[in-house]
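What follows is one structure encoded as structure tokens, with my remarks underneath.
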Ligand SMILES: [Fe+2]
Ligand SMILES: [Fe+2]
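Here's what the structure looks like:
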């Protein structure tokens, strides 16, 4: 996503230690990374490397911490105590993930207390897909099979490829848990699909809404992405389109298997999954549906920047701990 390379956090929160690197230091780091080497400490980084690494971890941290305020009300819409326990467990995992990532940022002198509780909500780097509140148990389950899967694919790539060793290693546990969230969603969706035509229709309606929103989680297509420091420094291993392909390769067969329609298919000739529409497209927030007409990336990015309806309320809920005594 262009936002994966988004501008850094406000300067107050980042240590202002000046780092100036020579071209030789840049080339030496690059050669080391190309040979498969890792970076273990801030002292081994060039300023450019440090910037892209902090931006990457910061966005991942914001996405993790957003899950609790976004899904908090869904806890109380669970169909059973089993569902509620499973969701509470997943949200506790997510808070653990947020803790891991904000803790890593502290190694760079960043004040994470300030970052979470005093930053203006509009400055959090959450994604459009995470700015919509699940309305019932069905949309929560669809969120797991699509949104958690997108998150899992993103963090699995970081675990397997990130050149900053402490970050890559910290993601092993995170990824076991993310995959469990996806599996829980798949289990729930299978169950909903067994409950008759009325429920199946509701599941399909939610898919129609959520699928395009999650397909754009991976950001702009590779032909328009201009900043590639993440790949240049092997902070991550795969491009936006490659990650989107991995996501499609799991979610499309699952949906087809359980009888859900998605606007994507396997292209036999090319040997890859393709969307049935061309990115980017816009969500009509008044009509509450996607307009499948291709627009410019400028228009799409403007919609992402405006944000979904639940971004500010969710972050306000988090910062003011508005759940009171009923967190779980
Ligand atoms: Fe997570
Ligand atoms: Fe998750």
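Numbering (our numbering), first residue to last: 11 to 338. C-beta: ideal position from N, C-alpha, C; glycine also.
Handout entry: Cβ contact (3+ pairs, closer than 8 Å) linking the stretch 62-79 and the stretch 109-119
Key = yes
Practice task
Would you mind working out which of 190, 287 and 278 sits nearest residue 272, comparing C-alpha positions?
Solution key: 287
Handout entry: Residue from 318, 65, 59 and 121 whose Cα sits closest to the Cα of residue 220
Key = 318
Handout entry: Beta carbon of residue 141 nearer than 8 Å to that of residue 320
Key = yes
Practice task
Report the three-state DSSP secondary structure of residue 293 (helix, strand or coil).
Solution key: In the three-state reduction of the DSSP assignment, residue 293 falls in the strand class, which pools E and B.
Practice task
Tell me where the beta strand (DSSP E) around residue 300 begins and ends.
Solution key: 299-301
Exercise for the section: Using the DSSP secondary-structure output, state which residues sit across from residue 343 in a beta bridge. Expected result: Absent from the model: residue 343. The displayed extent of the chain is 11 to 338, so no value can be given.
Practice task
Run the proximity test for residue 184: is its beta-carbon closer than 7 Å to any non-hydrogen atom belonging to ligand 4?
Solution key: By its list of ligands, the structure shown excludes ligand 4, since it contains just ligand 1 and ligand 2.
Practice task
Indicate the three-state DSSP secondary structure (helix, strand or coil) for residue 25 in the structure shown.
Solution key: Model confidence at residue 25 stands at a pLDDT of 47, short of 50, so the residue's coordinates are unreliable; what they give is reported in the following sentence. In this structure, residue 25 counts as coil in the three-state DSSP scheme.
Practice task
With DSSP collapsed to three states, give me the class of residue 112.
Solution key: helix
Problem - Status (buried if at least 16 other CB within 10 Å, exposed otherwise) for residue 295 - result: With a threshold of 16 other beta carbon atoms within 10 Å, residue 295 falls short and is exposed.
Problem - beta-carbon residue 226 near ligand 1 non-hydrogen atom, thresh 7 Å - result: no
Problem - beta-carbon residue 169 near ligand 1 non-hydrogen atom, thresh 7 Å - result: no
Problem - Cβ-heavy atom distance, residue 188 to ligand 1, below 7 Å - result: yes
Practice task
In the DSSP assignment, find the alpha helix (DSSP H) that holds residue 228 and state where it starts and stops.
Solution key: Taken as a continuous stretch (DSSP letters only), residue 228 belongs to no alpha helix (DSSP H), as it is neither H nor E.
Handout entry: Distance between beta carbons of residue 203 and residue 213, contact taken as under 8 Å
Key = 6 Å
Practice task
Would you list the one or two residues that DSSP bridges to residue 73?
Solution key: Partner(s): none; residue 73 has no beta bridge.
Handout entry: residue 248, buried or exposed, once every other Cβ within 10 Å from all chains shown has been counted against 16
Key = buried
Problem - Assigned secondary structure, residue 14 (DSSP; H/G/I helix, E/B strand, else coil) - result: Because residue 14 carries a pLDDT of 40, less than 50, the predicted location of this residue cannot be relied on, and no value is offered for it.
Practice task
Please specify which runs of the alpha helix (DSSP H), each continuous and at least 4 residues long, are wholly inside the stretch 140-175, giving them in chain order.
Solution key: 147-153 and 159-171
Handout entry: Distance between beta carbons of residue 239 and residue 129, contact taken as under 8 Å
Key = Rounded, the Cβ-Cβ distance is 23 Å, inconsistent with contact.
Handout entry: Cβ-Cβ distance between residue 291 and residue 222 below 8 Å
Key = yes
Problem - Inter-residue Cα distance where the pair is residue 215 and residue 266 - result: 15 Å
Problem - Per DSSP, cross-strand counterpart(s) of residue 274 - result: 285
Practice task
With a threshold of 16 other CB atoms inside 10 Å of the CB of residue 44, please say whether the residue is buried or exposed.
Solution key: exposed
Handout entry: residue 107 beta carbon near ligand 1 (any heavy atom closer than 7 Å)
Key = yes
Practice task
State the CB to CB distance for the pair residue 136 and residue 144, rounded to an integer number of angstroms; the pair is presumed to be in contact (CB under 8 Å).
Solution key: Not really, about 15 Å apart at Cβ, beyond 8 Å.
Exercise for the section: For the alpha helix (DSSP H) holding residue 260, just list the boundary residues, first then last. Expected result: Per DSSP, residue 260 belongs to the alpha helix (DSSP H) from 250-268.
Problem - Close beta carbons around residue 147, own chain, < 7 Å, minus the five adjacent residues each side - result: If we look at residue 147 and ignore the five residues flanking it on each side, its Cβ neighbours are 87, 88, 89 and 93.
Problem - residue 158 beta carbon near ligand 2 (any heavy atom closer than 7 Å) - result: yes
Practice task
Go through its chain and collect everything with a Cβ distance to residue 24's Cβ below 6 Å, but skip five positions before and after it.
Solution key: Only weak support is given to the placement of residue 24: the predicted model assigns it a pLDDT of 45, under 50, and the question is left unresolved by the model.
Exercise for the section: State the CB to CB distance for the pair residue 253 and residue 163, rounded to an integer number of angstroms; the pair is presumed to be in contact (CB under 8 Å). Expected result: Contact annotation, residue 253 with residue 163: C-beta distance approximately 6 Å; criterion of less than 8 Å satisfied.
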